[in-house]
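Participant:
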Amino acid sequence: MNVGYLGPKATFTELAVKKVFSGFTPFPFQTIPECMDAVVEGQVDLAVVPLENALEGSVNITLDYLTHVVQIPIVGEVTLPIKQHLMVHPENAENWQQVSRVYSHSHAIAQCYKFLHHHLKGVPFESVSSTAAAAQLVKETPMQNIAAIANELAAEVYGLSIVKRNIHDFDHNHTRFVILATQKNFDFAALSGSTHWKTTLMVTLPSNQAGALHQVLSAFAWRKLDLSKIESRPMKTGIGNYFFIIDLEMKLDDVLIPGAIAELEALGCGVKVLGSYPSVNIGLD
Ligand SMILES: O=C(O)C(=O)C[C@]1(C(=O)O)C=C[C@@H](O)C=C1
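According to the UniProt record's numbering, the sequence shown is numbered sequentially starting from 1.
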């Protein structure tokens, strides 16, 4: 089987792939939508993309593409610790405090905001498609004193010098990556050994109905269904039009979740199951 991921080599997404898919063939893509399109078009069997970071929240492009553009079920989830380092070309290691610009993925820049504010005040930062793409850019531009925020593997792969380690602003930094697949025969529970399951729902509310969200939450509450996340995202149909992404801490069963869905539909809500999938946490502190 081959696995598409947000590349190039040495992104955090590749680290997630390496942790759970030994023996699979990895295929890097430049952007998250390209990874997802590759699954739809059958170019790869699976895709691994970042969904949520503990410091910065959802990766909106993943959520939006998954809810508005492609119809691919979530078949697994991997959560990894994220350690961000500041790196420069070895020729510029002595002068890193004079860097003229810092490059990284927008989420990585946001995870290091305090560091950038205190240690590189006034230095502009620029987001690129991934942390590894930033490291690659720094490698290819030795004549400019620029820095990347990326992981240790990226420093190794692109031959960069780490000049400040662990620059993320909070210790408990981790990111959730989801595995997407259209194939019915992919069994992440067997592959990962995980017995912890989650179910993700997309819920649209009936328009202009006071108390609708309260009623939605009640349908889960009286069944004692444990919600670990509820987030609103724009429907993209006009100001004030939102849908909700709801994560439940259980596998899609025959009774409780279908009962809650039926109750929501009776209230006039639209409900779509985005996936029911095993979840693994790797090396979390
Ligand atoms: O740029 C990378 O290395 C990625 O894998 C993307 C990504 C993200 O989208 O959040 C993944 C983990 C980190 O939170 C920072 C960046």
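Think of the CB as a built atom: it goes at the ideal place given N, C-alpha and C, for glycine as much as any other residue.
Bear in mind the structure is a predicted one, so any value in this text is a computation, not a measurement.
With DSSP collapsed to three states, give me the class of LYS19.
Facilitator: If DSSP states are grouped into helix, strand and coil, LYS19 belongs with the helices.
Participant: Kindly provide the chain-ordered list of residues whose Cβ lies closer than 6 angstroms to any non-hydrogen atom of ligand 1.
Facilitator: Per the Cβ criterion, the list is LEU6, THR11, PHE12, THR13, PRO50, ASN53, VAL59, ILE82, HIS105, HIS107, ALA108, SER130, THR131, ALA132, THR175.
Participant: Could you name the residues of the same chain whose beta carbon sits closer than 6 angstroms to that of VAL70, not counting the 5 residues immediately before and after it, in chain order?
Facilitator: For VAL70, where only same-chain residues beyond five positions count, the Cβ hits under 6 angstroms are MET36, VAL40.
Participant: Can you give me the start and stop residues for the alpha helix (DSSP H) that LEU191 sits inside?
Facilitator: Unbroken alpha helix (DSSP H) run through LEU191: 188-192.
Participant: Take SER228 as the anchor and find which of ALA54, ASN92, PRO33 has the nearest alpha-carbon.
Facilitator: SER228 has its Cα closest to that of ALA54, out of ALA54, ASN92, PRO33.
Participant: Tell me the residue span of the beta strand (DSSP E) that contains THR199.
Facilitator: Run containing THR199: 197-204, per the beta strand (DSSP E) assignment.
Participant: Could you say which of TYR242, PRO26, LEU51 lies nearest to HIS174 if we only look at CA atoms?
Facilitator: Minimum Cα distance to HIS174 is reached at LEU51.
Participant: Excluding the 5 residues preceding and the 5 following ALA16 in the sequence, name in chain order all residues of the same chain whose CB lies nearer than 6 angstroms to its CB.
Facilitator: Within the same chain, ALA16 has close Cβ partners VAL48, VAL78, LEU80, PHE177.
Participant: Suppose you measure from the CA of THR200 to the CA of ARG223; what does that come to, to the nearest Å?
Facilitator: When rounded, the distance between both Cα atoms is 17 angstroms.
Participant: Between HIS196 and SER279, which are expected to be in contact by the criterion C-beta below 8 angstroms, what is the C-beta distance as a whole number of angstroms?
Facilitator: With a Cβ gap of about 5 angstroms, HIS196 and SER279 count as contacting.
Participant: Taking all protein chains shown into account, decide if GLY283 is buried (16 or more other Cβ within 10 angstroms of its Cβ) or exposed.
Facilitator: With fewer than 16 Cβ atoms within 10 Å of its Cβ, GLY283 is classed as exposed.
Participant: Taking all protein chains shown into account, do 16 or more other C-beta atoms lie within 10 angstroms of the C-beta of VAL3, making it buried, or fewer, making it exposed?
Facilitator: By the neighbour-count rule (16 or more Cβ atoms within 10 Å), VAL3 is buried.
Participant: Among residues of its own chain, excluding the 5 on either side of GLU34, which ones have a beta-carbon nearer than 6 angstroms to its beta-carbon?
Facilitator: Nothing meets the Cβ criterion.
Participant: Could you check which residue in ALA155, ILE245, PHE220, LEU252 has the C-alpha nearest to that of ALA260?
Facilitator: When only C-alpha atoms are compared, the closest one is PHE220.
Participant: For the beta strand (DSSP E) containing HIS85, name the first residue and the last one.
Facilitator: Element bounds for HIS85: 85-88.
Participant: Identify every residue that forms a DSSP beta bridge with ARG101.
Facilitator: Answer is ILE146.
Participant: Assuming ILE245 and GLY76 make a contact with CB atoms under 8 angstroms, what is their CB distance in whole Å?
Facilitator: The pair is not a contact, with the Cβ atoms about 17 angstroms apart (cut-off 8 angstroms).
Participant: Tell me, please, whether the stretch 132-139 touches the stretch 7-15 by the rule of three or more beta-carbon pairs shorter than 8 angstroms.
Facilitator: Yes, since at least three Cβ pairs between the stretch 132-139 and the stretch 7-15 fall closer than 8 angstroms, the two stretches touch.
Participant: Hey, how far is the Cα of GLY211 from the Cα of THR31?
Facilitator: Cα-Cα distance, rounded: 39 angstroms.
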